[in-house]
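The block underneath contains the structure these notes are about, expressed in structure tokens.
Number of protein chains: 8
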Amino acid sequence: MGFACIDHHRQIRRGFPEVIYCPGKSTEQIIQIFESLAEKGNNVLATRAEPHIFEAIAKTKKFPDVYYEELARAIVFEQKKLPYSKSILPIVTAGTSDLPVAAEAKVTAEIMGQRTELICDVGVAGLHRILGHLEKLRNANVIIVVAGMEGALASVLGGMVSCPVIAVPTSVGYGASFGGLSALLTMLNSCASGVTVVNIDNGFSAAVTATLINKKVESGK
Amino acid sequence: MGFACIDHHRQIRRGFPEVIYCPGKSTEQIIQIFESLAEKGNNVLATRAEPHIFEAIAKTKKFPDVYYEELARAIVFEQKKLPYSKSILPIVTAGTSDLPVAAEAKVTAEIMGQRTELICDVGVAGLHRILGHLEKLRNANVIIVVAGMEGALASVLGGMVSCPVIAVPTSVGYGASFGGLSALLTMLNSCASGVTVVNIDNGFSAAVTATLINKKVESGK
Amino acid sequence: MGFACIDHHRQIRRGFPEVIYCPGKSTEQIIQIFESLAEKGNNVLATRAEPHIFEAIAKTKKFPDVYYEELARAIVFEQKKLPYSKSILPIVTAGTSDLPVAAEAKVTAEIMGQRTELICDVGVAGLHRILGHLEKLRNANVIIVVAGMEGALASVLGGMVSCPVIAVPTSVGYGASFGGLSALLTMLNSCASGVTVVNIDNGFSAAVTATLINKKVESGK
Amino acid sequence: MGFACIDHHRQIRRGFPEVIYCPGKSTEQIIQIFESLAEKGNNVLATRAEPHIFEAIAKTKKFPDVYYEELARAIVFEQKKLPYSKSILPIVTAGTSDLPVAAEAKVTAEIMGQRTELICDVGVAGLHRILGHLEKLRNANVIIVVAGMEGALASVLGGMVSCPVIAVPTSVGYGASFGGLSALLTMLNSCASGVTVVNIDNGFSAAVTATLINKKVESGK
Amino acid sequence: MGFACIDHHRQIRRGFPEVIYCPGKSTEQIIQIFESLAEKGNNVLATRAEPHIFEAIAKTKKFPDVYYEELARAIVFEQKKLPYSKSILPIVTAGTSDLPVAAEAKVTAEIMGQRTELICDVGVAGLHRILGHLEKLRNANVIIVVAGMEGALASVLGGMVSCPVIAVPTSVGYGASFGGLSALLTMLNSCASGVTVVNIDNGFSAAVTATLINKKVESGK
Amino acid sequence: MGFACIDHHRQIRRGFPEVIYCPGKSTEQIIQIFESLAEKGNNVLATRAEPHIFEAIAKTKKFPDVYYEELARAIVFEQKKLPYSKSILPIVTAGTSDLPVAAEAKVTAEIMGQRTELICDVGVAGLHRILGHLEKLRNANVIIVVAGMEGALASVLGGMVSCPVIAVPTSVGYGASFGGLSALLTMLNSCASGVTVVNIDNGFSAAVTATLINKKVESGK
Amino acid sequence: MGFACIDHHRQIRRGFPEVIYCPGKSTEQIIQIFESLAEKGNNVLATRAEPHIFEAIAKTKKFPDVYYEELARAIVFEQKKLPYSKSILPIVTAGTSDLPVAAEAKVTAEIMGQRTELICDVGVAGLHRILGHLEKLRNANVIIVVAGMEGALASVLGGMVSCPVIAVPTSVGYGASFGGLSALLTMLNSCASGVTVVNIDNGFSAAVTATLINKKVESGK
Amino acid sequence: MGFACIDHHRQIRRGFPEVIYCPGKSTEQIIQIFESLAEKGNNVLATRAEPHIFEAIAKTKKFPDVYYEELARAIVFEQKKLPYSKSILPIVTAGTSDLPVAAEAKVTAEIMGQRTELICDVGVAGLHRILGHLEKLRNANVIIVVAGMEGALASVLGGMVSCPVIAVPTSVGYGASFGGLSALLTMLNSCASGVTVVNIDNGFSAAVTATLINKKVESGK
């Protein structure tokens, strides 16, 4: 393929799916890359995929049980099921509108063997909502927090737990949210220790990092 | 004075001090404006005043009992004491470094007759610190919140009370705080209802607005 | 509901409607949240709602007399009429194009019991237009000013009245208005005391704050 | 001179002084350019000049009656007095802190023969201040408005007169004024027709343009 | 009309059309404002008007000879023809893509009685193109320059003429043009004297200012 | 043509095609310019052309063998084939999604006689992919690097070769890529010597500069 | 203390020092907070401390063996030595100028018991420099990468290891580095999985997160 | 040295000096790196060096004939003189204030064997100044253009020559130049082909690239 350089060195990261970021690629390119990755026997994940891309992939009939996570806009082809993690990875959202980004994190973490739990709509304007989940959160090895608008949930949660918090700013909001810039800056300036940040709407990267951490912990290193 | 146009219509806002914003004005100009305002018998407040400006004003010996609030960088000349407000105006800061801005708010509110209480260093990274003050805060007619860095305190507090919250972002922080921009955006994007925002570091304006609200309430309109 | 955490503590803010911010939520999610909120007997308001969402809600036939404020893009379900406020809340716009934001403020304030008056198209390029409304404005406990482009109306009006002014920058404009940034900065830098600011196009939040203030005043605290 | 290319074609703009923008040039360079320009018999103006540069120029004793406008930070060497304009050029400032920029405009316009009048501290937070000068302003061929912070004065004034208004945003302000960006955007977004804008703090350029206009008018073209 | 405040004081600016800025207004609102303005006998101009708005206005049959300038997206209703100006107003564009903005300037200036000449596609990457028009440009009282991308034409032209240059940055470009910001900053930082700037794509305002200047000149003040 | 000023001085740059940048021009304008350029016998290139523009041009039947490079969105009319360059110009992309910009560079370089080689999808997250191409890259006189998102490939490659590297940031990415700003800044701040940068997505300009360099080298100056 | 609210709940994060962020606090305030924290027997760390603050603290003679890490600008008071971690935490810098930020990370991690190794000046413009350290890096549980200017090192390194990488952008650079914004955006847009980001120059926060991860791993959860 | 990783692979770029970027490094670090680089017999260049650093280096007496280029703020240690280039590299500045950046380019190019010519103060506001140098410029293999403020010189010059132009934006300017951003954007958006851009004030990088090009050309590849 002239348009893509398939990476055969990823075995160094055993347990990772092969991943295709769809925007800017033609449907034909995506199918070809998908096939090339799948024929090695690996799990394949295509992110930010419009429904018509999934339909085209399904129509090839080459990928049994491939499915589409609509909310996450992800195409999932799981050829071999990984063993489940012992601990649960909480994925927390500030609002209902942050769900698509959380869903991308969820599907990514799960294809890498993580057990996840979605805790939804517990933003800081009503603190009692998050307080009810505190014990569960304190049992985690790492937490993903997804929040748009003012993005304050990562700081508040970071102050209540003693594990790393991976903060995902979202583009949810309007006006002075400037496409997620507000939540991004809030999270970068967090006064709570242990909070690190990924790109706006990047549920995928948060899930990969959380999985890396959890695997290290569960393998006792 | 060719350089300043003294406003003789302010009586419409009875109880307000005359105010001089010092930056960009020469010490001589400030003294002349100060004299012109004081000779009407009004209280005078000079904000953002470097110590040498206060010394020059004090040296004129024309303003008995004029004093300098060092933390707030304010010069205060209170010729007639206003009656105290019945309710207390809480001024809450996220961190110790936000104190100078809170102090400007405090001195401004007090010269306008407000009783104030400073609640300091109760940022969201340690929520229990603010929870201890909750009853007091719920008694207020209006609250001023002063916070830099990620500025999340306004949202959290806004979700816990049922009075208006005036949020003052501060330039406390570094890097991606971009001189207070981060806290400003956080506050503007607050999910909590009842939060309005003033300019970065503008403790003065927050105090004026809070006083306007409190006076309206206490006069029963 | 996995996707939303309904808040049962809002009774602390008696008189508030339950509110749904629609963007980023699916129609199905909105209907479920709507039902959940309505069954407690409260008034419900859905903001930034596209017409097809209203149609879907109306089609359920579960919400008698629910209606759609087209200009405000708001769905209103008023189960119990609140008593009217004594004073009138003026909502002032600089131009005709600012009307949708003003309409959101209006519908929000009214469902919370405020009597409102819309004063439209009185921007600073023709000062005589605002001067004719001055007496009415001076009677208010609080004023909402809605302006895009250069957003100067809040400063001008703030200099003429002695009550708090809540300034709503709008995204009306083009080029160097940068989606409302210009009006936002103008309002934050206002030289007039008593002006506080909410997010760009956030008529809802301005109305909530104005109502909070007015209720405090009319209840004599 | 290797470091400067003196322009001998400026006669096309008769009546203009030769001008040196000082920042970034060494004192020696400035003196050499100054001499080179002066020896043609022209008037010379050096802008943004620190006092020590003036002292160095004065010490050469080559430029009789050269003087320093402290407020404007300008060095003026007027070898031949131009005839005065018939009409008066008003230079209006919103606040006292805007004076240095207005002073640069004033000294520039005057060395080009304009009669000027400074109208100072008439910002929009107290409209009655500008209203008192209205007749004078309506007699002008062109007006310069100098304002920092929210910069609303240009729009308000532009709506009251029928001549062009040249708006000079200043860097006066703090926080969300972002070094004059706020006033700049306000002025660019002005709803009032006839307002054009120059760079932040650029009193010089405003004065040159105003003079160009006034000369065209007074020469009947 | 509740949504618009028609301005009956514009007679102070005799010769001006009544103007409607269309974006953000409903077609119905535009028609009502149009009627209200037209019935005083004045010329009416509607800017940034989509074709369907013109069709709706034409269909009313109330405005004989109303027409649509497609390139400028302007609706023109000229009830009384103004006398032509003696001098010609040059409107210069850097590229063909800048034409819509130049066309808005042209139609605006002409309805106010200006004779205009469009000089198109003479950007600085091929200087000889502008040099061929130099004599014509030097005869003007004022020049409008319209340029996107790097926007350098205003500086180059400003250095070659001795009349004021009104620079209109356009949103033509991509990438680091940031919607016209690049051209805007270039023009604001122009080293050539006599250049003032209006908002991005604001051909209308440039034309109004140019007309104000030209009228002053031709009336001998 | 009133809307375009055809440049007949380009012979100074022998070997260049005539180029039309399509956005903002009507199809009719593009066809007229295309004809005007083609009738001199030169090669013609139209960039950023939507398919329907090509169809309109093809339908004129005036340009034999004109074709459309779909990926590059370029219309190519090659009337005379230039001799091929001796050396090969490598065009390297970080990801598959950067291909359209690389394709624009490729078609541009080829119509100017360059032999090119596309090396695709060799971004820094898998360094071994670029290392396999190193020898080929070290033989080049100049290299074009096309990268979006974090844009780090230009720095890495610049550190491995001793010829100039022309870096093209692309708008590929989301969130904090801010439309290519991230890659642009990365490339401008490159620690590797010999890296220069063009506008975001500007494959055309990179190809022209690379061709200029290669021609100089191959002509031995 | 009115100005600080000492947090007695931190025991939930056993092994953490008490930390004072110095900027914006007076020397007196810092000493009082320092004393209050130290008297509980905990380790105390003061970051961003100017030398004169350390001198004032040392002069109190209350804190035996307190010392100043000059490069990190940190005051360290280690009352009880924590057991060393088994694994080594690599702290990697792109250039020598990034050392102060790396030093802050180092002193922070060490007071929390981490064994660290500084790998300095291995930026991407000379890839062989980082390649020599690869084995060591692959043994780590987590890596801190500190880089200014184009900040590409985090992406390159992230592609070579299978543990989480915490990226610290620094303000090292000039011009279009915009105070660290360039490196920050590069890191947020990293194509390499497993990279998360903290605030510009925030070595402290990176060290805390890295320690949290390492402790989780070494405790086998 | 723990703080620097000396690069022994630079022989691949024969003829390059070893270079130290001084900001952020201590004087001691700079001296140690300087020694380490010099003892290999190579030429050494230290850029952005304050005078006191040169004095410290000179005082070591280890580097005969080391000297300080004051304008460029560069320390030059030329142990072996390279043969001169045949062609001349023109370095063109828009204004006198751009000289320090041009001087950095000059000293860098010269230590790499380039013959240079400085053409100073020929900005676009007086086009005749650059026209006089045109023949000389057309003989060059590559040209460096250094300009601040509006930065238009690169576009104008790029339209007049047929060799690559390397554009260096400078931070010369004020207000809306935003520290060189204006000139940077202008240059990135240049309509003239063959213009590429380096970081603001980066005379060093422009000189390296220009030398790379010229060497390629003069070696006939």
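Chains as they are written, first to last, in the numbering used here: chain V, 128 to 348; chain P, 128 to 348; chain C, 128 to 348; chain R, 128 to 348; chain E, 128 to 348; chain D, 128 to 348; chain B, 128 to 348; chain Z, 128 to 348. Even for Gly, the Cβ is constructed at its ideal location relative to N, Cα and C.
At the 7 Å Cβ level, is Lys343 (chain Z) part of the contact set with chain D, yes or no? yes
Buried or exposed by the 16-neighbour rule on C-beta atoms within 10 Å, applied to Asp192 (chain C): exposed
Spatial distance of Val234 (chain V) from Glu197 (chain B) (CA atoms): 47 Å
Cβ of Pro291 (chain V) within 7 Å of Cβ of Ile246 (chain V)? no
In the DSSP assignment, find the unbroken alpha helix (DSSP H) run with Ala165 (chain D) in it and report its ends. Where Ala165 (chain D) is concerned, the enclosing alpha helix (DSSP H) starts and stops at 154-165.
Since Leu315 (chain R) sits in a beta bridge, which residues does DSSP pair it with? Per DSSP, none; premise fails for Leu315 (chain R).
Evaluate Gln138 (chain D) with the Cβ neighbour count: other Cβ atoms within 10 Å of its Cβ, from every protein chain shown; 16 or more gives buried, anything less gives exposed. Any answer about Gln138 (chain D) is weak, because its pLDDT of 44 lies below 50 and its placement is not dependable; what the coordinates show is given next. Exposed, since its Cβ has fewer than 16 Cβ neighbours within 10 Å.
Tell me which same chain residues have a C-beta within less than 8 Å of the C-beta of Arg256 (chain P), skipping the five on either side of it? Asp248, Val249, Gly250
Reducing DSSP to helix, strand and coil, say where Thr223 (chain Z) ends up. helix
What separation, rounded to the nearest whole angstrom, lies between the Cα atoms of Leu339 (chain E) and Tyr148 (chain E)? Going by the C-alpha atoms only, they are around 20 Å apart.
Tell me, please, which residues DSSP counts as bridged to Arg242 (chain Z). Z:Ile215
Would you please verify whether the beta carbon of Leu280 (chain R) is less than 7 Å from any beta carbon of chain P? no
Quick check: the Cα distance between His135 (chain P) and Ser163 (chain P), rounded to an integer number of angstroms? Note that His135 (chain P) has pLDDT 49, beneath the 50 cutoff, so the model's placement of it is unreliable and the number below is only indicative. Those two C-alpha atoms are separated by around 11 Å.
Local Cβ density within 10 Å of Leu284 (chain Z), reported as buried at 16 or more and exposed below that: Buried, because 16 or more other Cβ atoms sit within 10 Å of the Cβ of Leu284 (chain Z).
With 16 as the cutoff for other CB atoms within 10 Å, does Tyr301 (chain V) come out buried or exposed? Buried is the call here.
Taking only beta-carbon atoms, is Cys247 (chain C) less than 7 Å away from chain E? yes
Reduced DSSP secondary structure (H/G/I, E/B, other) of Ile180 (chain B): helix
To the nearest angstrom, how far is it from the Cα of Asn268 (chain C) to the Cα of Thr220 (chain E)? 52 Å
Proximal residues, the region 210-236 of chain P versus chain B, C-beta separation under 7 Å: Thr223, Ser224, Leu226
Option in Z:Gly129, Z:Ala230, Z:Ile157, Z:Phe161 with minimal Cα separation from Asp328 (chain Z): Z:Ala230
Tell me whether the beta-carbon of Gly321 (chain Z) lies closer than 7 Å to the beta-carbon of Val324 (chain D). no
Within the 7 Å Cβ cut-off, does Leu315 (chain V) reach chain P? Yes, Leu315 (chain V) lies at the interface with chain P (some Cβ there is under 7 Å from its Cβ).
Indicate the three-state DSSP secondary structure (helix, strand or coil) for Arg137 (chain Z) in the structure shown. Note on Arg137 (chain Z): pLDDT 49, under 50, position unreliable in the model; no value is reported.
In the DSSP assignment, find the beta strand (DSSP E) that holds Phe204 (chain R) and state where it starts and stops. Where Phe204 (chain R) is concerned, the enclosing beta strand (DSSP E) starts and stops at 201-204.
Interfacial residues, the region 171-183 of chain Z to chain B, with Cβ spacing under 7 Å: none
Per-residue DSSP class, three states only, for Ala236 (chain C): Helix.
Look up Thr323 (chain B) in the DSSP assignment and say whether it is helix, strand or coil. strand
Quick one, which of C:Lys207, C:Gly275, C:Ser289 has its alpha-carbon nearest Met239 (chain C)'s? Nearest C-alpha to Met239 (chain C): C:Lys207.
Any idea which residues DSSP pairs Ala294 (chain B) with across the strands? B:Val272, B:Val324
Closest Cα partner of Lys189 (chain B) within the set B:Ala176, B:Glu262, B:Ser212, B:Gln159: B:Gln159
Anything in chain C within Cβ reach of Gly300 (chain R), meaning under 9 Å, just list it in chain order. Asn316
Taking Cβ positions only, does Pro201 (chain D) come closer than 7 Å to chain V? Sequence inspection shows Ala at residue 201 (chain D); the Pro mentioned does not correspond to that position. Not one chain V Cβ lies under 7 Å of Ala201 (chain D).
For chain R, find out if any of its Cβ atoms is closer than 7 Å to the Cβ of Ala303 (chain Z); answer yes or no. yes
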